[in-house]
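Adding 396 to a residue's 1-based position in the sequence shown gives its number in our numbering.
I have placed the structure first, in the form of structure tokens, so that the comments after it can refer back to it.
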Amino acid sequence: MLELFVSSLVTFFLVIDPPGCAPIFAGLTAGATATHRRAMAVRAVLVSAAILLVFALVGEDLLKGLGISLASFRIAGGIMLFLIALEMVFEKRTQRREDRAAKVAETPEIEDVSIFPMAMPMIAGPGSIATTMLLMARNDGLERTFVVLAAMATILLLTLLSLLAAGPLMRMLGARIEAVITRLLGVLLAALAVQFVIDGLQVQLR
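What follows is the structure in structure tokens.
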């Protein structure tokens, strides 16, 4: 179970990318009071947790209703995660997030960024939703399900801490170190994505 927890923890960390969310949140909440910033951080994580939990619990039934096999979803999810990994390696993901944040920041009437873009699509985006459903599909049984959910909760808690400490964290890491970390995480995520595809193909070929 410890191996499953660590594996799920690493996967969620790579996809949700708590350190990567911090600079975006810091930029979007510039000028906000500390109380308002904390409230937005908590709300963003709670909403994203609710979204991921819904897909974790009913995602498999949704697939069955649409006539999609778990193996097909694993392959599709693996390809999606691989594309995200490529964006991380070549810094396209960070650029897209920054562009999205800039568009929101240009709209002065939008003050609360907790729901959009922080909760969705930055935290509970397509990648994290697909990852949640994939991990739940691969791990049957109540105990293994709780292990996956515990890993997800741990990363969401880490994300909350990253958002709350966004300003000091960015000053400590710096842009260059953040870029190096993002590229390394992208390579690891690419390997995990390939494993998802292999698992799906093995089931389909049986």
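Backbone N, C-alpha and C define an ideal beta-carbon position, used for all residues, glycine too.
(request) Kindly indicate which residue of L597, Q591 and V599 has the alpha-carbon position closest to the one of L477. (result) Indexing the sequence shown from 1 puts residue 477 at position 81. The residue with the shortest Cα to Cα distance from L477 is Q591.
(request) Kindly give me the distance between the Cβ atoms of A589 and A515, rounded to whole angstroms, as I take these residues to be in contact under 8 Å. (result) The count along the sequence shown starts at 1 and reaches residue 589 at position 193. The count along the sequence shown starts at 1 and reaches residue 515 at position 119. With a Cβ gap of about 24 Å, A589 and A515 do not count as contacting.
(request) Starting from the C-beta of I551, find all residues in its chain whose C-beta is less than 6 Å away, skip the five residues before and the five after it, and write them out in chain order. (result) Taking the sequence shown and counting its residues from 1, one reaches residue 551 at position 155. Cβ within range, chain order: F408, F409 and I412.
(message) Within the continuous alpha helix (DSSP H) that includes I475, where are the two ends?
(response) As a first step, residue 475 is located in the sequence shown; it is residue number 79 there, counting from the start. Where I475 is concerned, the enclosing alpha helix (DSSP H) stretches over L466 to V485.
(message) Please list the terminal residues of the continuous alpha helix (DSSP H) segment that includes R540.
(response) Translated into positions along the sequence shown, residue 540 becomes position 144. It spans L538 to L560 - the alpha helix (DSSP H) in which R540 sits, taken as one unbroken run.
(request) Tell me whether F606 is buried or exposed, calling it buried when 16 or more other Cβ atoms sit within 10 Å of its Cβ. (result) This structure cannot settle anything about residue 606, because the visible part of the chain is limited to 397 through 602.
(request) With DSSP as the reference, label T429 as helix, strand or coil. (result) In the sequence shown, the residue the question calls residue 429 occupies position 33. Coil, per DSSP.
(request) State yes or no: is the C-beta of A440 within less than 8 Å of the C-beta of V599? (result) The sequence position of residue 440 within the sequence shown is 44, counting from 1. The sequence position of residue 599 within the sequence shown is 203, counting from 1. No, these two residues do not count as a Cβ contact at 8 Å.
(request) Please report the Cβ distance between M529 and G455, rounded to the nearest whole angstrom; I am assuming they are in contact, meaning their Cβ atoms lie under 8 Å. (result) Your numbering for residue 529 matches position 133 in the sequence shown. Your numbering for residue 455 matches position 59 in the sequence shown. Between G455 and M529 the Cβ distance is about 4 Å, and since that is below 8 Å, they are a contact.
(request) Let me know if M397 comes out buried or exposed under the rule of 16 or more other beta-carbons within 10 Å of its beta-carbon. (result) As a first step, residue 397 must be located in the sequence shown, where it is residue number 1. Under this definition M397 is an exposed residue.
(request) Please check the pair I594 and M518, which I expect to be a contact at CB under 8 Å, by giving their CB distance rounded to whole angstroms. (result) As a working note, residue 594 is residue 198 in the sequence shown. As a working note, residue 518 is residue 122 in the sequence shown. Going by Cβ atoms, the distance from I594 to M518 rounds to 29 Å, so no, they are not a contact pair.
(request) Tell me whether R602 sits in a helix, a strand or coil according to DSSP, three-state version. (result) Position 206 of the sequence shown, counted from the first residue, corresponds to residue 602. Here R602 sits in coil by DSSP.
(request) Could you spell out the range, first to last residue, of the alpha helix (DSSP H) harbouring F404? (result) The sequence position of residue 404 within the sequence shown is 8, counting from 1. One point to set straight first is that residue 404 is Ser, not Phe, in the sequence displayed. First-last of the alpha helix (DSSP H) with S404: L398 to I412.
(message) With distance defined between alpha-carbon atoms, name the residue in F401, S403, P415 and L405 nearest to P564.
(response) Residue 564 sits at position 168 when you count from the first residue of the sequence shown. With distances taken between Cα atoms, P564 lies closest to P415.
(message) Starting from A524, trace the alpha helix (DSSP H) in both directions and tell me its first and last residue.
(response) Position 128 of the sequence shown, counting from 1, holds the residue named residue 524. The sequence given here has Ser at residue 524, not Ala. Taken as a continuous stretch (DSSP letters only), the alpha helix (DSSP H) holding S524 covers P522 to R534.
(request) With a threshold of 16 other CB atoms inside 10 Å of the CB of F469, please say whether the residue is buried or exposed. (result) Taking the first residue of the sequence shown as 1, we reach residue 469 at position 73. F469 is buried by the Cβ-count criterion.
(request) Tell me whether G537 is buried or exposed, calling it buried when 16 or more other Cβ atoms sit within 10 Å of its Cβ. (result) The count along the sequence shown starts at 1 and reaches residue 537 at position 141. Taking a 10 Å sphere around the C-beta of G537, we find fewer than 16 other C-beta atoms and assign the residue as exposed.
(request) Measure from the alpha carbon of T425 to the alpha carbon of each residue in L559, G596, L601 and L554, then state which is nearest. (result) For the purposes of this step, residue 425 is identified with residue 29 of the sequence shown, where counting begins at 1. Selected option, being the one with the closest Cα: L559.
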